[in-house]
Amino acid sequence: MNNPSSIYIVDDLLEEIFLRLPLKPILKSKTLSKRWRSILESKNFVGRRVSFQKSRKILAAYNCDCGAQPRLLPESRFKGDEEIVYLHCDTKRPSIMTCDGLVCIPEQDWINVLNPWTKQLRRFCFGAWSSGYSRVMGFGSDEVTGRYKVVKMEIWSYSDHCGVECSVLDVETGEWWMLSPPSYKLLCPLSHKLSRKSILALDLHKEKFRNVSVPLTRVTQETQIANLENRLTIAVTYRNPEWKLDIWSKGSSRWNMTYSISLAGKGVPWEIRSKGFTPVSVSKQGNLVFTDNHKRLFKYYPRTDEIRCLSSDTCVISPFLETLAPLPLKSTLPFPHPRRTSKCRVLSKQDEFGIVELLISTLVAVGIVWFSL
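Position 39 (the sequence shown) corresponds to 39 in UniProt numbering; numbering is contiguous.
Next up, the structure:
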């Protein structure tokens, strides 16, 4: 009222404007106003921005021989009509997990949680590997509080059964705590003689386990679980009597077979018929992108029943989401200096980042962490 020439935009309208901007201008806008920063870092805006994204991209690992903090490569590449964003990472690791655009990278003695777009990196103490233990990891968000959590399940064998110890890390506070073990009877994860398995689900808010039955008469080493379009998905590869890939998705009340794809004679190498396939994403036209554990990336077109090999050397992590989710807590561990001084072939000397070897073994859905048993 004192300055009629000024314009005041209410918060709700500002949020709608910001939603329609690319992410880079949004990041710059955070530095211009405390009020804008508060809007852009609110959980409501962060969640809406993720769901508002129109372009679909895939996050993949880039192999290199230098060793520093993980970061995105400056430019994406196209494989066929799919845009690939590359994550430049460090050393060998058992798995890379993602949730809402955040990336969780477990290593030998610590856990890295990274927002690739804001370049925020947080490191947390992990604890040494226990001799004789198998470790299963999960990463997801509490659908009630919005907090991101890392789940660690350590399994040890005795006779034909297993003992379990489960703990949770709150990324916001940096605190670990123990969970009561599941009440279900667990069988040794190294045994593949089972005719039927189930999936163990952990609600990240209630921190309660539950058993999820699967619509399969037999589960083998080629069976994969995945998060496809925010749904729990099982991909089963059969070799006899027909080489095919069946994909089941869990709805609110029951399982549905969403794809049944004959693989023979469609450009899929016959020598990998004994390997499993993992679904990655579904395009707006309903085309399915999937990968195998030989770094091959395929795309299936249901209308024409065609399969195209998009790449023979792409180490896929997950669909890629641009996110503003903040990581407010300081790291509990500093990131070590690179052991090597050689200059990275891709990035400048100031942007040296490391190698990655990828093994995806767990699935994360919003609010739920799933374990294959």
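Built from N, CA and C at the ideal position, the CB exists for glycine as well. Quantities reported herein were computed from a predicted structural model and do not represent experimental measurements.
Cβ shell of residue i (< 7 Å), same chain only, five flanking positions each side left out
i    : result
L40  : F18, I26, S29, K30 and L324
F320 : K57, I58, L59 and V85
T314 : A60, K79, I84, K295 and L297
V316 : I58, A60, V280, T291 and L297
C-alpha gap between residue i and residue j, whole angstroms
i           : j    : result
P215        : K266 : 27 Å
V212        : S283 : 28 Å
G354        : V50  : Reliability of the predicted coordinates at G354 is poor, the pLDDT of 30 falling under 50, and the value obtained from them is presented with this limitation in mind. Taking the straight line joining both Cα atoms gives about 27 Å.
P106        : K34  : 34 Å
residue 388 : I261 : With the chain covering only 1 through 373, there is no way to say anything about residue 388.
R218        : L245 : 14 Å
R122        : K152 : 17 Å
L59         : V268 : 22 Å
R308        : Y300 : 7 Å
Y86         : D12  : 34 Å
L329        : K149 : 13 Å
W248        : A226 : 10 Å
D142        : T118 : 21 Å
A201        : T258 : 21 Å
L228        : W36  : 34 Å
N240        : T145 : 47 Å
P22         : D100 : 17 Å
E322        : Q53  : 8 Å
R20         : I199 : 39 Å
C64         : Y8   : 49 Å
T98         : G138 : 9 Å
R77         : R296 : 16 Å
F290        : T304 : 17 Å
V10         : R231 : 36 Å
T233        : G251 : 10 Å
S312        : E154 : 34 Å
S38         : L327 : 14 Å
P116        : L169 : 20 Å
R135        : Q120 : 26 Å
Q285        : V103 : 27 Å
E271        : S180 : 44 Å
V280        : T220 : 20 Å
I165        : V171 : With the sequence shown as reference, residue 165 is identified as Glu, and Ile is not the correct amino acid for it. Roughly 20 Å between the two C-alpha positions.
Y133        : S318 : 27 Å
W124        : L32  : For the sequence presented, residue 124 should be read as Phe rather than Trp. Whole-angstrom Cα-Cα distance: 31 Å.
G163        : K24  : 47 Å
L14         : E306 : 45 Å
8 Å CB neighbourhood of residue i in its chain, flanking five on each side removed
i    : result
K275 : E222, T237, D292, N293 and H294
S183 : F209
K206 : none
S253 : none
N287 : K299, Y300, Y301 and P302
R147 : S141, D170, V171 and E172
Unbroken alpha helix (DSSP H) run spanning residue i, endpoints
i    : result
W36  : K34 to L40
V316 : Where V316 is concerned, there is no enclosing alpha helix (DSSP H), although the beta strand (DSSP E) it sits in stretches over C315 to F320.
L27  : L23 to S29
K43  : K43 to F52
Proximal residues to residue i (C-beta, below 6 Å), its chain only, five neighbours per side dropped
i    : result
Q224 : A235, G276 and T278
F126 : D109, W110 and I111
G80  : L310
N256 : S249
L204 : G140, D142, K149 and G367
E83  : K57 and S76
S167 : K152, W176 and M178
E242 : none
A264 : W243
T341 : Because the pLDDT at T341 is just 42, under 50, the model does not fix this residue reliably, and the value given afterwards should be weighed accordingly. Once the five neighbours on either side are set aside, T341 has no close Cβ partner at all.
N- and C-terminal bounds of the beta strand (DSSP E) containing residue i
i    : result
I9   : That residue, I9, is in no beta strand (DSSP E); it is neither H nor E in DSSP.
V214 : Element bounds for V214: n/a, residue is neither H nor E.
V171 : Careful: V171 lies outside any beta strand (DSSP E) and carries neither H nor E.
S311 : E306 to S311
A201 : I199 to D203
E83  : E82 to H88
K206 : Here K206 belongs to no beta strand (DSSP E), and DSSP marks it neither H nor E.
A325 : Unbroken run through A325: none, as it is neither H nor E.
L59  : K57 to Y62
R77  : R77 to K79
>> Quick check: the region 68–86 against the region 41–50, are at least 3 beta-carbon pairs closer than 8 Å?
In response: no
>> My parser needs the beta strand (DSSP E) runs of 3 or more residues fully inside the region 90–147; what are they?
In response: 97–99, 102–106, 110–115, 120–125 and 133–141
> Do the region 111–118 and the region 175–184 touch if we need at least three Cβ pairs shorter than 8 Å?
Replying inline: no
>> To test your reading of the DSSP string, which unbroken beta strand (DSSP E) runs of 3 or more residues are found completely within the region 220–298?
In response: 224–228, 231–238, 244–250, 255–262, 277–282 and 288–292
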